[in-house]
Amino acid sequence: MGSIIAIRKGRSPILWFILCALFPLLIIVIALLPPMVSKGDTKKCSYCAEIIKEDANFCKHCGKEQPIEMSKVSSCYKD
Numbered sequence: 020m021g022s023i024i025a026i027r028k029g030r031s032p033i034l035w036f037i038l039c040a041l042f043p044l045l046i047i048v049i050a051l052l053p054p055m056v057s058k059g060d061t062k063k064c065s066y067c068a069e070i071i072k073e074d075a076n077f078c079k080h081c082g083k084e085q086p087i088e089m090s091k092v093s094s095c096y097k098d
């Protein structure tokens with residue numbers, strides 16, 4: 020059970036399987052841990068501050084449309 024929760028939270032399933040087999044009460048701990056956030060794949064919603072996918076146009080938590088971010092582009096002109 021601990022490894023299934025670990026996978027959903029983005030954590031190591033093998034480590035949590037072993038820990039929960041030795042200490043079953045750790046299932047409660049992993050259930051309360053926030054999901055791991057990998058940099059570059061996610062961003063915070065501008066309105067509710069929940070984590071959403073970087074390419075999301077709308078927040079799945081509050082439903083608000085996300086502002087368009089301007090990307091930096093290097094100069095195309097040659098001197």
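The opening position of the sequence shown corresponds to residue 20 in the working numbering, with each subsequent residue numbered one higher.
Every residue gets a Cβ at the ideal spot worked out from N, C-alpha and C, and that includes glycine.
8 Å Cβ shell around residue 36 - same chain, five flanking residues per side excluded: Position 17 of the sequence shown, counted from the start, is the residue given in the question as residue 36. Within the same chain, residue 36 has close Cβ partners 21, 22 and 25.
| In chain order, what residues of the same chain have a beta carbon less than 8 Å from the beta carbon of residue 41, not counting five sequence neighbours either side? | Position 22 of the sequence shown holds residue 41. Here the set comprises nothing.
### Query
For residue 85 and chain D, any beta-carbon pair shorter than 8 Å?
The question asks about chain D, but that chain is absent: this structure has only one protein chain.
> Where does residue 63 fall in DSSP's three states?
Replying inline: Within the sequence shown, the letter at position 44 stands for residue 63. Three-state DSSP puts residue 63 in a strand.
query: Taking the C-alpha atoms as reference points, what is the distance between residue 50 and residue 72?
result: What you label residue 50 is simply residue 31 of the sequence shown in a count that begins at 1. What you label residue 72 is simply residue 53 of the sequence shown in a count that begins at 1. The alpha-carbon of residue 50 is positioned some 22 Å away from that of residue 72.
As assigned by DSSP and simplified to three states, the class of residue 77: Translated into positions along the sequence shown, residue 77 becomes position 58. For residue 77, the three-state secondary structure derived from DSSP is strand.
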